[in-house]
Amino acid sequence: MSRSASELLLYCRPGFERDLAEELADKAAEAGWAGEAIQGAGGGFVRFCLADEEPANGLHRALPLSGLVFARQSLVALTPLSLDREDRLSPITEQAVESGWSFESIWHETPDTNDGKALGGLAKALTRPLESLLKKRGALRRKAGGRRLHLLWSAGDCVQLGLSFPGNRSEQLGGIRRLRFPRSAPSRSTLKLEEAWHEFVPRSEWDTRLAEGMQAADLGAAPGGWTWQLVHRGIHVYAIDNGPMDKALMATGQIEHLREDGFVWEPPYRLDWLVCDIVDKPSRVEAMMERWLVRRWCREAVFNLKLPMKRRWPEVRACLTRLEEALASAGVAAEISCRHLYHDREEVTVHVRLRD
Ligand SMILES: C[S@@+](CC[C@H](N)C(=O)[O-])C[C@H]1O[C@@H](n2cnc3c(N)ncnc32)[C@H](O)[C@@H]1O
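Residue numbering for the sequence shown is 112 to 467, as defined by our numbering.
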């Protein structure tokens with residue numbers, strides 16, 4: 112008889128295991144699921160084990176990855192395996208076959224830590240032989256609904272098998288979207304806005320939602336990494352910051368730099384985009400965004416909530432709840448998403464799109 116997977120395996124940024132575990136515990140309980148979140152200490156992953164070994168597929172669907180803040184990847188998973196270094200392949204093959212899983216591809220992944228990186232060679236060496244064994248046993252197939260087997264190696268003798276499904280997973284190895292730093296951009300922060308667009312705006316809609324000739328405001332713009340992204344898309348930008356903007360960027364002629372306070376500045380007319388990377392209290396930034404969105408001063412917004420505090424999830428949850436409630440009570444329909452992006456450090460990125 113096949114054994115069903117009764118846990119979820121989620122990846123996160125190392126050091127954010129507690130935040131993800133707290134988020135999962137809250138959201139699983141709200142969705143009516145009992146279980147326990149186990150933090151992979153410092154390893155950048157969290158297991159959520161269901162009570163009574165219930166199958167985890169239902170919970171996996173109930174908590175889509177796009178609705179989780181701190182998770183980079185979400186898998187339905189089997190119990191972790193402790194391996195004998197003499198024969199790592201047999202137990203992996205047996206567990207995969209016994210689970211009754213079938214899949215079209217296999218990804219070996221390691222935690223996003225220095226120890227994790229050192230396991231890359233081992234994973235590489237095992238790739239071909241494991242593929243051939245699992246093909247022979249009928250688990251690795253040409254057609255299997257796009258499902259993918261993930262092997263998360265937390266040590267040379269410790270691996271956990273997980274399964275991912277198209278439409279509810281990250282398509283990036285380790286859930287990490289690596290982006291190339293554009294050489295003419297004035298700061299590395301530029302990658303945060305680019306990643307946010309990849310995350311929140313489907314690529315097929317970039318030409319209409321990030322279109323040439325649009326108008327945007329960038330609050331806390333200096334030296335101009337986020338403004339660079341907007342300008343690069345042909346968008347005109349009000350750059351609000353007391354600090355100096357990059358000279359070459361200003362020479363594009365697409366920017367009006369105003370040395371004003373981003374918390375009080377008001378746009379002269381309705382803008383297409385508002386972006387904000389000001390370092391301040393999350394509640395203060397949220398209140399400012401509320402003002403913009405309730406008055407419909409922009410159609411879409413991307414902003415960061417900086418999280419230097421110890422317990423980040425309660426802070427994020429409080430801000431998002433306040434924003435949702437304020438928009439609802441003002442009768443403003445909006446889609447709100449929040450994710451801890453790869454290029455974010457102690458912060459999360461929020462995207463809001465007003466529905467017309
Ligand atoms: C993290 S930096 C922004 C980096 C920028 N996104 C980039 O990619 O280059 C934060 C900026 O917010 C500005 N800032 C802080 N408080 C502000 C306020 N009340 N109004 C406008 N700008 C503010 C700071 O001067 C600083 O330049």
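Yeah, the Cβ is synthetic: ideal placement off N, Cα and C, and Gly gets one too.
Being a predicted model, the structure only gives us computed values, none of them experimental.
Can you give the beta carbon distance from residue i to residue j, rounded, assuming they're within the 8 Å contact cut?
i: Gly336; j: Arg299; result: 7 Å
i: Arg259; j: Phe214; result: 6 Å
i: Asp455; j: Lys303; result: 6 Å
i: Leu274; j: Leu186; result: 6 Å
i: Leu263; j: Leu120; result: 6 Å
Keeping to the same chain, check which residues put their C-beta closer than 6 Å to that of residue i; ignore five residues upstream and five downstream.
i: Thr224; result: Pro125
i: His347; result: Gln326, Gln365
i: Gly373; result: Leu330, Gly331, Ile351, Ile389
i: Pro277; result: Gly257
i: Glu367; result: Tyr349
Can you look up residue i in the DSSP assignment and give me helix, strand or coil?
i: Thr363; result: coil
i: Val180; result: coil
i: Glu323; result: coil
i: Cys123; result: coil
i: Ser315; result: helix
i: Gly340; result: Checking the sequence, you will find Gln at residue 340 rather than Gly. Three-state result, Gln340: helix.
i: Ile447; result: strand
i: Ile149; result: strand
i: Val396; result: helix
i: Gly273; result: strand
Measuring alpha carbon to alpha carbon, tell me which residue in the options is nearest residue i.
i: Ala167; options: Asp198, Gly442, Glu118; result: Glu118
i: Asp388; options: Arg407, Ile351, Glu411; result: Ile351
i: Gly267; options: Glu411, Pro191, Leu369; result: Pro191
i: Pro297; options: Glu141, Pro355, Glu220; result: Pro355
i: Cys458; options: Leu284, Met420, Pro378, Ile217; result: Per the sequence shown, the amino acid found at residue 458 is Glu instead of Cys. Looking at the Cα atoms, Met420 is the closest of the given residues.
i: Glu282; options: Arg294, Gly249, Leu161, His309; result: His309
i: Pro222; options: His261, Leu237, Lys246; result: His261
i: Glu316; options: Glu436, Arg344, Arg291; result: Arg344
Considering only heavy atoms of ligand 3, does any lie closer than 7 Å to the CB of residue i?
i: Trp337; result: Annotation note on ligand 3: not contained in the displayed structure, which lists ligand 1 as its ligands.
Roughly how many whole angstroms lie between the Cα atoms of residue i and residue j?
i: Glu209; j: Ser115; result: 9 Å
i: Ala229; j: Glu323; result: 44 Å
i: Thr204; j: Leu244; result: 7 Å
i: Pro393; j: Gly286; result: 26 Å
i: Leu434; j: Tyr122; result: 27 Å
i: Ile471; j: Pro379; result: An answer regarding residue 471 cannot be provided, because it is not within the stretch 112 to 467 covered by the chain.
i: Gly232; j: Asp383; result: 47 Å
i: Gln271; j: Glu220; result: 10 Å
i: Leu452; j: Glu305; result: 11 Å
i: Asp556; j: Glu164; result: Here the chain covers residues 112 to 467 and nothing more, so residue 556 does not appear.
i: Cys430; j: Asp137; result: 16 Å
i: Ala307; j: Asp391; result: 20 Å
Just to confirm my understanding: we take residue i, look at its own chain, exclude 5 residues before and 5 after, and list those with CB closer than 8 Å. What are they?
i: Arg466; result: Ala444, Ala445, Glu446
i: Cys269; result: Pro191, Leu192, Ser193, Leu194
i: Thr338; result: Asp329, Ala332, Val348, Ala350, Met356, Leu360, Ile366
i: Val386; result: Leu304, Ala327, Ala328, Asp329, Leu330, Trp337, Leu341, Ala412, Val413, Phe414
If I measure Cβ to Cβ from residue i and keep anything under 7 Å in the same chain, skipping five residues before and after, which residues do I get?
i: Glu134; result: Leu179, Val180, Phe181, Trp424
i: Ala162; result: Ala145, Gly146
i: Met255; result: Looking at the sequence shown, residue 255 is not Met but Ala. Excluding residues within five positions, the ones whose Cβ falls inside 7 Å are Ser213, Phe214, Glu215.
i: Arg196; result: Gly267, Asp268
Within the 8 Å Cβ cut-off, does residue i reach chain B?
i: Thr460; result: Annotation note: the requested chain B is absent from the structure, which comprises a single protein chain.
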